[in-house]
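Student: Residue numbers (this note's numbering): 54 to 176. From the three backbone atoms N, C-alpha and C, an ideal C-beta is built for every residue, glycine too.
(1) On a Cα-Cα basis, can you pick out the residue from 119, 118 and 85 that is closest to residue 103?
(2) For residue 68, count the other beta carbons within 10 Å of its own beta carbon; 16 or more makes it buried, fewer makes it exposed. Which is it?
(3) Determine the direct distance from the alpha carbon of residue 134 to that of residue 89, and round the result to whole angstroms.
(4) Counting along the chain, where does the alpha helix (DSSP H) carrying residue 178 start and finish?
(5) Looking only at its own chain, which residues have a Cβ that is under 7 Å from the Cβ of residue 108, when we skip the five neighbours before and after it?
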């Protein structure tokens, strides 16, 4: 029987979310390091280059650990034939409307206000 995963801790969604953040941080650290390395020798801050390099290496290690954990969760789910996660009950109730419904209502309101203004101008 497979392990039960805990919301906001070790579900696949949490692991993927953390992986996305990790990859973004890694890209930022690498870009910052490259930016510093591209400066002329008179303006290079070698301590900053070392700082960004260490941050990048650390984030790369975290990324690798997350990828291994994702692989382990998938392997477990495939071998057991199930994936279990506890439900994540919220303290608020959803509105019952989709984002598309809310946007459509707002567009209709904007359109109506614009039409009202145009009617007032033409009178």
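Tutor: Working from what's here:
(1) By 1-based counting over the chain shown, the position of residue 103 is 50. Of the candidates 119, 118 and 85, the residue whose Cα lies closest to the Cα of residue 103 is 85.
(2) Taking the chain shown and counting its residues from 1, one reaches residue 68 at position 15. With 16 or more other CB atoms across the displayed protein chains lying within 10 angstroms of its CB, residue 68 is buried.
(3) Along the chain shown, one-based indexing puts residue 89 at 36. Along the chain shown, one-based indexing puts residue 134 at 81. So the two alpha carbons sit approximately 49 Å from each other.
(4) An answer regarding residue 178 cannot be provided, because it is not within the stretch 54 to 176 covered by the chain.
(5) For this step, residue 108 is matched to residue 55 along the chain shown. Hits under 7 Å: 82.
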